[in-house]
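Engineer: Below is the structure I would like to discuss, written out as structure tokens.
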Amino acid sequence: MNIKSAEFITSCPDYESVPDSDIPEFAFIGRSNVGKSSLINMLTNQKDLAIVSSKPGRTQMINLFLINDSWTLVDLPGYGFAKISKSKQEEFHEFVSEYLTSREQLRCVFVLIDSKIPPQKLDLEFCQWLMECSIPFVLVFTKTDRAKKGGVEKNIAAFTEAMSEWCDGLPRIYQASAKTASGRGPLLHFIDQAARAR
Numbered sequence: 006m007n008i009k010s011a012e013f014i015t016s017c018p019d020y021e022s023v024p025d026s027d028i029p030e031f032a033f034i035g036r037s038n039v040g041k042s043s044l045i046n047m048l049t050n051q052k053d054l055a056i057v058s059s060k061p062g063r064t065q066m067i068n069l070f071l072i073n074d075s076w077t078l079v080d081l082p083g084y085g086f087a088k089i090s091k092s093k094q095e096e097f098h099e100f101v102s103e104y105l106t107s108r109e110q111l112r113c114v115f116v117l118i119d120s121k122i123p124p125q126k127l128d129l130e131f132c133q134w135l136m137e138c139s140i141p142f143v144l145v146f147t148k149t150d151r152a153k154k155g156g157v158e159k160n161i162a163a164f165t166e167a168m169s170e171w172c173d174g175l176p177r178i179y180q181a182s183a184k185t186a187s188g189r190g191p192l193l194h195f196i197d198q199a200a201r202a203r
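For the sequence shown, the positions run 6 to 203 when this note's numbering is used.
The structure is reproduced here in structure tokens:
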């Protein structure tokens, strides 16, 4: 897939504000500071489509981007905010959950995992919740260029082993680096195939 156009549509403070659409949507989510905005910019080949911040929890609304006039990239608030109040966290989790469980146009969720660190409880719990809700998802292990040699494979193996305790079939797994653009081709190919599927 070649990205010919990528434009910001809108930011929504709640699920009710998300505009109606009849084209496929692909949502990106992960723990705060997992490199989500950087990955989105890398995939779309634009430097500032999604705002990159050094402060965790920058994305606090549902952000929608129209790609190639044919599918929508949905940038969701991360989970596990360290710098905001508990009530605000609950508010985010509520409308993100509503979007994920109710949006008919949603084809797949891309769950971003930091490849540099061992499996985190929050990531595993979120994946388990997606499976319980029958929401299709894939795993994208980010920041692979910054991991120690052999560390990515070790952390992926540990993550999938932890998932196997409650998961019969594992989701697709991708590795990506926003810095080197590795993983861009396979991810866009998957989106292209999923968008075409009926």
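Beta carbons: idealized from backbone N, C-alpha and C, even for Gly. This structure is a prediction, so every number in the text was calculated from the model and none was measured.
Under the assumption that ALA199 contacts CYS138 (Cβ atoms under 8 angstroms), give the Cβ distance between them as a whole number of angstroms.
Structural biologist: By 1-based counting over the sequence shown, the position of residue 199 is 194. By 1-based counting over the sequence shown, the position of residue 138 is 133. 18 angstroms between Cβ atoms; not a contact.
Engineer: Quick check on the DSSP output: what are the complete beta strand (DSSP E) runs of length 3 or more inside the stretch 93-164, in order along the chain?
Structural biologist: Entirely contained in the stretch 93-164, the beta strand (DSSP E) runs reaching 3 residues are, in chain order, 111-119, 142-147.
Engineer: Between which two residues does the beta strand (DSSP E) containing ALA32 stretch?
Structural biologist: Counting from 1 along the sequence shown, the entry for residue 32 is found at position 27. Note, ALA32: beta strand (DSSP E), 30-35.
Engineer: If contact is defined by three or more beta carbon pairs under 8 angstroms, each pair taking one atom from either stretch, is the stretch 69-88 in contact with the stretch 28-36?
Structural biologist: Enough Cβ pairs lie closer than 8 angstroms, so yes.
Engineer: Can you give the Cα-Cα distance for ASP119 and ASP197, rounded to whole angstroms?
Structural biologist: As a working mapping, residue 119 is identified with position 114 in the sequence shown. As a working mapping, residue 197 is identified with position 192 in the sequence shown. Using only the alpha carbons, I get a separation of about 24 angstroms.
Engineer: Count the other CB atoms within 10 Å of the CB of PRO82; is the residue buried (16 or more) or exposed (fewer)?
Structural biologist: In the sequence shown, residue 82 corresponds to position 77, counting from 1. The residue in question, PRO82, is buried, as its Cβ has 16 or more Cβ neighbours within 10 Å.
Engineer: Hey, SER42 and ALA55 are a contact pair by Cβ (cut 8 angstroms); roughly how many whole angstroms apart?
Structural biologist: Numbered from its first residue, the sequence shown carries residue 42 at position 37. Numbered from its first residue, the sequence shown carries residue 55 at position 50. Yes, SER42 and ALA55 are in contact; Cβ-Cβ is about 4 angstroms, under 8 angstroms.
Engineer: Excluding the five sequence neighbours on either side, which residues of its own chain have a C-beta within less than 6 angstroms of the C-beta of GLN51, listed in chain order?
Structural biologist: Position 46 of the sequence shown, counting from 1, holds the residue named residue 51. ALA11, listed in sequence order.
Engineer: With DSSP collapsed to three states, give me the class of SER16.
Structural biologist: As a working note, residue 16 is residue 11 in the sequence shown. Note: SER16 maps to strand in three-state DSSP.
Engineer: Would PHE70 and PHE13 be called neighbours here (beta carbons separated by less than 8 angstroms)?
Structural biologist: In the sequence shown, counting from the first residue as 1, residue 70 sits at position 65. In the sequence shown, counting from the first residue as 1, residue 13 sits at position 8. Going by C-beta atoms, PHE70 is nearer than 8 angstroms to PHE13.
Engineer: With DSSP as the reference, label ASN7 as helix, strand or coil.
Structural biologist: The residue given as residue 7 occupies position 2 in the sequence shown. It is coil, neither helix nor strand.
Engineer: Do you know how far the Cα of ASP80 is from the Cα of GLY35?
Structural biologist: Numbered from its first residue, the sequence shown carries residue 35 at position 30. Numbered from its first residue, the sequence shown carries residue 80 at position 75. Taking the straight line joining both Cα atoms gives about 10 angstroms.
Engineer: Which residue from GLY156, GLN133, SER169 puts its Cα closest to that of GLN180?
Structural biologist: Start at 1 with the first residue of the sequence shown, and residue 180 comes out as number 175. Checking every option, the nearest Cα to that of GLN180 belongs to GLY156.
Engineer: Using only alpha-carbon positions, find the residue among GLN125, LYS184, GLN133, GLN65 that is nearest to ILE161.
Structural biologist: On the sequence shown, position 156 is the one that residue 161 refers to. ILE161 has its Cα closest to that of GLN125, out of GLN125, LYS184, GLN133, GLN65.
Engineer: Grab me the residues of LEU105's own chain with a C-beta within less than 6 angstroms of its C-beta, minus the 5 sequence neighbours each way, in chain order.
Structural biologist: The sequence position of residue 105 within the sequence shown is 100, counting from 1. Result list for LEU105: ILE140, in chain order.
Engineer: What are the residues that DSSP puts in a beta bridge with ASP80?
Structural biologist: Start at 1 with the first residue of the sequence shown, and residue 80 comes out as number 75. According to DSSP, ASP80 bridges with PHE33, ASN68.
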